[in-house]
Amino acid sequence: MTERLDALLFDACGRFADAVALEDGQHRFSYADLASGARSISEALRNQGIGPDEPVLVAVANEPEDILAFVGVWAARGVVVPLDRNAPAAVAEATRAAVGARLMVSRHGKVVRLNDHEVPPARPLLAGAAIIIFTSGSTGAPKGVVLGHSAFGRKLFEIDSVLGFSSNTRALLVLRITFVFGIWFSLLTLLKGGCVVMCQRFDPVTVMADLAEHHITDVAFVPTMLRKILANDVAPTSLARSGIVLKCIYTGGEPFSPALGHRIRDVLPGAAIIDIYGLTETASSDFFIATGIGEAFAGGIGRVSMSERFRIADGLGVEVSAGDVGELQILTPFIMNGYLDQPQLTRDAFSGGYFRTGDLARIRPDGTVELVGRSKDLITRAGAKVSPLELDGLIAQHPAVAAALTVGIADDVVGERIHVLVVPRAKIPLDETELRSWVASRIEGFKRPDVYHFGSELPTGRTGKVDRDALRRSIDGHVAYGAKI
Numbered sequence: 027m028t029e030r031l032d033a034l035l036f037d038a039c040g041r042f043a044d045a046v047a048l049e050d051g052q053h054r055f056s057y058a059d060l061a062s063g064a065r066s067i068s069e070a071l072r073n074q075g076i077g078p079d080e081p082v083l084v085a086v087a088n089e090p091e092d093i094l095a096f097v098g099v100w101a102a103r104g105v106v107v108p109l110d111r112n113a114p115a116a117v118a119e120a121t122r123a124a125v126g127a128r129l130m131v132s133r134h135g136k137v138v139r140l141n142d143h144e145v146p147p148a149r150p151l152l153a154g155a156a157i158i159i160f161t162s163g164s165t166g167a168p169k170g171v172v173l174g175h176s177a178f179g180r181k182l183f184e185i186d187s188v189l190g191f192s193s194n195t196r197a198l199l200v201l202r203i204t205f206v207f208g209i210w211f212s213l214l215t216l217l218k219g220g221c222v223v224m225c226q227r228f229d230p231v232t233v234m235a236d237l238a239e240h241h242i243t244d245v246a247f248v249p250t251m252l253r254k255i256l257a258n259d260v261a262p263t264s265l266a267r268s269g270i271v272l273k274c275i276y277t278g279g280e281p282f283s284p285a286l287g288h289r290i291r292d293v294l295p296g297a298a299i300i301d302i303y304g305l306t307e308t309a310s311s312d313f314f315i316a317t318g319i320g321e322a323f324a325g326g327i328g329r330v331s332m333s334e335r336f337r338i339a340d341g342l343g344v345e346v347s348a349g350d351v352g353e354l355q356i357l358t359p360f361i362m363n364g365y366l367d368q369p370q371l372t373r374d375a376f377s378g379g380y381f382r383t384g385d386l387a388r389i390r391p392d393g394t395v396e397l398v399g400r401s402k403d404l405i406t407r408a409g410a411k412v413s414p415l416e417l418d419g420l421i422a423q424h425p426a427v428a429a430a431l432t433v434g435i436a437d438d439v440v441g442e443r444i445h446v447l448v449v450p451r452a453k454i455p456l457d458e459t460e461l462r463s464w465v466a467s468r469i470e471g472f473k474r475p476d477v478y479h480f481g482s483e484l485p486t487g488r489t490g491k492v493d494r495d496a497l498r499r500s501i502d503g504h505v506a507y508g509a510k511i
């Protein structure tokens with residue numbers, strides 16, 4: 027198998043030339059159009075003197091031309107750096123400076139020279155690189171994750187060995203393609219000859235309409251999006267009446283609770299749900315847990331993919347006993363090249379060859395893995411360790427609660443007090459006193475939230491995932507989400 031994504035995609039374009047590859051409600055691109063457009067962009071980049079493995083900004087807005095630009099950059103032997111087209115000027119400039127980009131592919135495949143600098147010096151880390159994806163670090167400073175063609179290309183086929191995409195796949199893309207989940211979901215659909223229907227912005231009403239109008243078979247969401255669909259009360263109660271033929275919902279990027287699964291099953295009963303755990307650094311999708319139609323939701327993140335290994339280890343890299351909590355660490359052949367221009371950070375990300383995820387986990391008796399929380403997110407209240415994930419999941423089970431997010435806030439008396447932001451379900455009354463009593467009957471006293479906040483939605487970051495740090499900062503700064511702040 028070739029180890030370059032552009033070669034893989036051009037091969038798909040040859041095999042599925044007349045089929046529709048990309049559409050967005052206004053425009054359609056066949057596979058032949060995809061190949062032709064990508065080659066035009068590649069030629070324009072070469073005319074601008076692109077160097078081997080040179081980073082190129084690609085301004086994206088979830089439009090079909092964005093995918094053409096990805097393939098065009100790869101065909102010119104450049105490295106894709108996706109940048110949201112609506113990003114603030116300061117963010118765009120910081121990204122450009124971080125990668126040293128001279129060239130950008132803007133809207134409609136136009137190649138723009140950003141400055142008159144010479145070809146930047148070679149960076150060994152970028153040899154054979156496909157893409158640089160910026161992710162938030164624990165300090166808040168974005169890290170440029172460098173993924174190689176070989177690792178990412180082989181990971182796509184590893185994912186497909188579990189999910190089984192085909193030329194009949196009609197995938198609705200609502201995830202941003204600055205986000206590894208949205209990128210692999212798009213590329214895998216195209217490698218298998220399916221059609222990617224691109225949605226420029228997430229709106230619950232529009233998305234539900236798109237599922238029916240475009241005969242979507244597969245869709246990927248982060249759980250926050252699913253909660254918004256439920257909160258807006260727009261989901262159909264009958265697939266037969268709505269015309270939806272959805273077969274599978276993929277979810278990931280943040281914890282997916284059994285309570286959320288049951289509620290989604292109520293409104294989309296004909297679709298299987300697959301929860302996926304992975305990191306940008308491992309080219310995504312390391313653990314899978316599938317729940318077929320009618321099956322119970324067990325929580326956790328399931329089992330590791332067939333080519334990968336994992337361990338639950340303590341701070342010294344020693345495996346803990348079964349059932350004990352430690353850091354989830356992954357050994358994978360699909361690992362990143364490293365963090366761009368941050369060799370020490372890259373070294374610190376590994377322990378004995380295993381990638382340190384920063385997630386706390388334990389192995390259940392059935393051998394599946396359960397997340398407990400982020401190591402930096404554990405709340406220490408009066409000396410006791412409390413997992414915010416445990417509380418998120420419990421409170422979300424209340425029949426009047428759509429979502430919950432828990433944080434620890436510094437306190438002079440007990441170290442940290444437990445605060446939770448609760449999003450009520452639409453049209454269902456929610457009383458704080460009753461909620462407190464309900465929680466108290468289901469969890470130990472030291473884990474019970476001290477302060478409840480109420481709001482219309484959970485705070486999210488740029489990838490659409492819930493942002494626990496944003497909630498913590500808001501509470502610390504006394505920015506009101508609702509009552510009690």
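Here the sequence shown is numbered in the working numbering, starting from 27 and rising by one per residue.
We put the beta carbon where it would ideally sit given N, CA and C, even for glycine.
Same chain only: Cβ atoms within 8 Å of residue i, ignoring 5 sequence neighbours per side
| i | result |
| --- | --- |
| Ile-242 | Arg-196, Ala-197, Leu-198, Val-223, Asp-236, Ile-270, Val-271 and Leu-272 |
| Phe-360 | Ala-177, Phe-178, Arg-180, Lys-181, Glu-184, Thr-308, Ala-309, Ser-333 and Glu-334 |
| Thr-263 | Because the pLDDT at Thr-263 is just 48, under 50, the model does not fix this residue reliably, and the value given afterwards should be weighed accordingly. If we look at Thr-263 and ignore the five residues flanking it on each side, its Cβ neighbours are Val-293. |
| Ala-466 | Arg-474 |
| Glu-280 | Val-248, Pro-249, Thr-250, Lys-491 and Val-492 |
| Tyr-365 | Lys-169, Gly-170, Val-171, Val-172, Leu-371, Thr-372 and Ala-375 |
Residues near residue i by beta carbon distance below 6 Å, same chain, minus five either side
| i | result |
| --- | --- |
| Asp-301 | Thr-277, Phe-282 and Ile-315 |
| Gly-77 | Val-145 |
| Phe-160 | Pro-168 and Gly-170 |
| Ala-85 | Leu-109, Arg-111 and Ser-132 |
| Gly-318 | Ala-298 |
Residue i, buried or exposed, once every other Cβ within 10 Å from all chains shown has been counted against 16
| i | result |
| --- | --- |
| Val-137 | buried |
| Thr-406 | exposed |
| Gly-341 | exposed |
| Lys-491 | buried |
| Pro-485 | buried |
| Val-427 | buried |
| Ser-331 | buried |
| Asn-73 | exposed |
| Asn-141 | exposed |
| Arg-462 | exposed |
| Gln-52 | exposed |
| Asp-355 | Here the sequence assigns Gln to residue 355, which means Asp is not the residue at that position. Answer is buried; the Cβ neighbour count reaches 16. |
| Glu-321 | exposed |
| Gly-104 | buried |
| Thr-459 | exposed |
Residue i versus residue j - alpha carbon distance
| i | j | result |
| --- | --- | --- |
| Leu-265 | Val-82 | Note that Leu-265 scores 46 on pLDDT, short of 50, meaning its location in the model is unreliable and no value can be drawn from it. |
| Ile-255 | Pro-230 | 5 Å |
| Gly-98 | Ala-64 | 4 Å |
| Ser-192 | Asp-374 | 39 Å |
| Gly-190 | Ala-101 | 27 Å |
| Gln-559 | Leu-357 | For the chain, the structure presents residues 27 to 511; residue 559 sits outside this window and is missing. |
| Cys-221 | Val-46 | 6 Å |
| Arg-529 | Thr-372 | Missing from the structure shown is residue 529; the chain here goes from 27 to 511 and no further. |
| Leu-216 | Met-234 | 23 Å |
| Lys-453 | Glu-69 | 56 Å |
| Phe-207 | Leu-214 | 11 Å |
| Cys-39 | Ala-58 | 6 Å |
| Val-106 | Pro-90 | 16 Å |
| Glu-483 | Leu-431 | 10 Å |
| Arg-390 | Trp-464 | 26 Å |
Limits of the beta strand (DSSP E) - the one that residue i falls within
| i | result |
| --- | --- |
| Val-106 | 104-110 |
| Leu-335 | Here residue 335 turns out to be Arg, not Leu, going by the sequence shown. Arg-335 -> beta strand (DSSP E) spans 335-339. |
| Thr-486 | Neither: Thr-486 is in no beta strand (DSSP E) and is coded neither H nor E. |
| His-479 | 477-480 |
| Thr-406 | 405-407 |
| Thr-215 | From DSSP, Thr-215 is part of no beta strand (DSSP E) but of the alpha helix (DSSP H) over 206-217. |
| Ala-113 | Segment: none, Ala-113 is in no beta strand (DSSP E) and carries neither H nor E. |
| Ile-290 | Not the beta strand (DSSP E): Ile-290 falls in the alpha helix (DSSP H), residues 284-293. |
Same chain only: Cβ atoms within 7 Å of residue i, ignoring 5 sequence neighbours per side
| i | result |
| --- | --- |
| Asn-88 | Leu-199, Arg-202, Ile-203, Met-224, Cys-225 and Gln-226 |
| Phe-376 | Arg-382 |
| Asp-350 | Arg-388 |
| His-175 | Glu-29, Arg-30, Leu-31, Gly-154 and Ala-156 |
| Arg-149 | none |
| Leu-94 | Leu-60, Gly-63, Ala-64, Ile-67 and Gly-135 |
| Ile-469 | Leu-420 |
Residue interval of the alpha helix (DSSP H) (run including residue i)
| i | result |
| --- | --- |
| Gly-179 | 175-189 |
| Ile-300 | That residue, Ile-300, is in no alpha helix (DSSP H); its beta strand (DSSP E) goes 298-303. |
| Ile-501 | 494-502 |
| Met-251 | 249-257 |
| Val-97 | 90-101 |
Interface flag, residue i vs chain C, CB-CB below 8 Å
| i | result |
| --- | --- |
| Ala-348 | No chain C is part of this structure, which consists of one protein chain only. |
Query raised in the report: At what residue ranges does the stretch 32-76 contain a whole run of the alpha helix (DSSP H), taking only runs of 4 or more?
Result: 57-73
Query raised in the report: What alpha helix (DSSP H) runs, 4 residues minimum, are completely inside the stretch 412-461?
Result: 414-421
Query raised in the report: Unbroken beta strand (DSSP E) runs of length 3 or more, entirely within the stretch 353-388: which are they?
Result: none
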